[in-house]
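Data block below; observations after.
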Amino acid sequence: VEDVAFPALTLESGDHICGLYAGSAERQELLAPYVHGGLAAGDKCVCIVDVAHRAGLLASVDGPGDVDVDVSLERGQLELYTTAESYLRGGSFSSADMVEFWTASLDFSLDDQGYDAVRQAGDTVGVSAVVEQFDDFAFYESELNRLVDRYPQTMLCLYDVRELDGGVLLELLRTHPKLLMGGLVIDNPHYLAPDDYVATRRARAWDALSDHERDVAQLAAERRSTADIAALRSRSRHDVDRTLHRIYRTLGFETRDDLVRFLTERRPRS
Amino acid sequence: VITYREVYPLLVAACPSFVGSKPAESADENDGEFLRIGYLVRHLILLLEDLDTESFSAVFGVVEWVLTEGDAEARSLINAGFLDDLTNPETYAHATRSPADFVRWLGPEACGHPSVQRLL
Chain A
7 VEDVAFPALT LESGDHICGL YAGSAERQEL LAPYVHGGLA AGDKCVCIVD VAHRAGLLAS
67 VDGPGDVDVD VSLERGQLEL YTTAESYLRG GSFSSADMVE FWTASLDFSL DDQGYDAVRQ
127 AGDTVGVSAV VEQFDDFAFY ESELNRLVDR YPQTMLCLYD VRELDGGVLL ELLRTHPKLL
187 MGGLVIDNPH YLAPDDYVAT RRARAWDALS DHERDVAQLA AERRSTADIA ALRSRSRHDV
247 DRTLHRIYRT LGFETRDDLV RFLTERRPRS
Chain B
886 VITYREVYPL LVAACPSFVG SKPAESADEN DGEFLRIGYL VRHLILLLED LDTESFSAVF
946 GVVEWVLTEG DAEARSLINA GFLDDLTNPE TYAHATRSPA DFVRWLGPEA CGHPSVQRLL
């Protein structure tokens, strides 16, 4: 059936797309063709879109190309979630929990329901107000790139530019390999693969440490005990322990081996 | 008064299964108390995943005891070490549990911690 309502989006399996909009009308212009195209193609569609914005979306998607949203909802081809049911389902945002959310959703859609492909979408309007640090959200966006490679799916992440500052926008460009602009999906030259993104974040976090913190980290990487470091720098053991703890958390290290590896890789090769 | 150096042994005594556990083996022999307590928190998350919560009353009893009777450094170790790690979502990577799942074991002093307050 010729779809006269929406121009066809050219999507490839594994696409992780960032769609920027300003206001609900523009959001609908991005989301409706994406959902409609998925339903018309017989794909599973899973969307995070808050209750206040659902009626408009469903009205836009319903009708053209024989898409009946009531039937799609009833038979589970279309699933809708709120922010509270998804990003904040654990009480606060957690990148690991959110990746788990999508993983479970994909397993259900593909294995239990038997769909061949899934279109996922996450509107983030209002999320910036409740996610304390965008850092973890950006990390989640980056980790999604590992997920989209493993399943026959596409992922559209929607952001209202009016809620974003320049720093957040930069992180979105670093974490999305594709951008949706003017109805076209285009490659994003600023994208960093997940491992490169983590390395870049760590390098920036390292540069942001104080001289004292970097000094303590260097001494710890020499396998010195906190008691030794405390004695060398005339600090209390508590101060050194707490400093190292803060460094591990800031740079995402779990063990001293992680710290040693990071500093060894940073060392200029002769 | 409970001192900084006494906190970690008290917590381990309250949770004997930590000794020899996978998180405990990740610790470096030169790690200090803050990092060691981080490994203990990871062990508690694994115990919760396995619904093995027998030791939790004792562990969180020690937490309350230190917050009530510890010196400034001991309380800092619990607040900025134990409770910060316990309430940090990143500590739960690869786990199906979340920080809120521990709230039922926390006493009134621990519940006063700012990052615990956000879970209540």
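Residue numbers (our numbering), protein chains in the order written: chain A, 7 to 276; chain B, 886 to 1005.
Where a beta carbon is used, it is the ideal one built from N, C-alpha and C, also for glycine.
If the five residues before and after D129(A) are omitted, its C-beta is found closer than 8 Å to the C-beta atoms of R33, L37, C53, I54, V55, D56, H59, L164, all from its own chain and listed in chain order. Listed in chain order, the alpha helix (DSSP H) runs fully inside the stretch 894-976 of chain B are 907-911, 918-934, 941-954, 957-961, counting runs of at least 4 residues. Here L79(A) is not bridged, per DSSP, to any residue. Along the stretch 136-180 of chain A, the beta strand (DSSP E) occurs as fully enclosed runs of 3 or more residues at 159-166, listed in sequence order.
DSSP places L225(A) in the helix class (H, G or I) of the three-state scheme. Judged by their CB atoms, Y893(B) and E958(B) are not nearer to each other than the 8 Å cut-off.
By the rule that beta-carbons nearer than 8 Å mark a contact, S66(A) does not touch chain B. Looking at the DSSP output, H22(A) sits in a beta bridge with M161(A).
Shown in chain order are the members of the stretch 917-931 of chain B whose Cβ falls below 8 Å from a Cβ of chain A: G917, E918, F919, L920, G923. In this structure the stretch 254-271 of chain A does not touch the stretch 942-949 of chain B; the number of beta carbon pairs closer than 8 Å is below three.
If you look at G128(A), you'll find it in the beta strand (DSSP E) that goes 124-129. As computed with DSSP, C53(A) is found in a beta bridge with L86(A), A127(A). Taking a C-beta distance under 8 Å as the contact criterion, S983(B) and G97(A) qualify as a contact pair. Taken through DSSP and simplified to helix, strand or coil, Y121(A) comes out as coil. About 7 Å separates the Cβ atoms of A102(A) and P974(B), confirming a contact at the 8 Å cut-off. Taking 8 Å as the cut-off between beta carbons, the residues of the stretch 944-967 of chain B near chain A are E958, S961, L962, A965, G966, in sequence order. In the structure shown, D68(A) falls within a coil segment according to DSSP collapsed to helix, strand and coil. For L15(A), the closest of S231(A), L215(A), G189(A) by C-alpha to C-alpha distance is G189(A). Excluding sequence positions up to five before and after D76(A), its CB lies within less than 8 Å of the CB of D68, all in the same chain and listed in chain order. Following the DSSP letters along the chain, one finds I253(A) inside the alpha helix (DSSP H) bounded by residues 243-257. Ranked by Cα distance from R255(A), the options A909(B), C900(B), F919(B) are led by F919(B). Exclusion of the five residues before and after C51(A) leaves V41, G44, L45, Q83, L84, R125 as the residues of its chain whose Cβ lies within less than 7 Å of its Cβ. Within the stretch 90-117 of chain A, the residues whose Cβ lies closer than 8 Å to any Cβ of chain B are, in chain order, G96, G97, S98, F99, S100, S101, A102, D103, E106. Exclusion of the five residues before and after G966(B) leaves F919, I922 as the residues of its chain whose Cβ lies within less than 6 Å of its Cβ. Chain B places no beta carbon closer than 8 Å to that of D221(A), leaving this residue out of the contacts. Burial check for I192(A): the Cβ neighbour count within 10 Å stays below 16, so the residue is exposed. Taking C-beta separations shorter than 6 Å and ignoring five residues to either side along the sequence, the partners of D956(B) in its chain run V886, T888, following chain order.
Judged by DSSP in its simplified three-state form, V191(A) adopts strand. In the DSSP assignment, the residues bridged to Y27(A) are D166(A). One Cα belongs to H928(B), the other to R220(A), and the distance between them is close to 29 Å.
Within chain B, no C-beta atom comes less than 9 Å from the C-beta of V204(A); the nearest is roughly 13 Å away.
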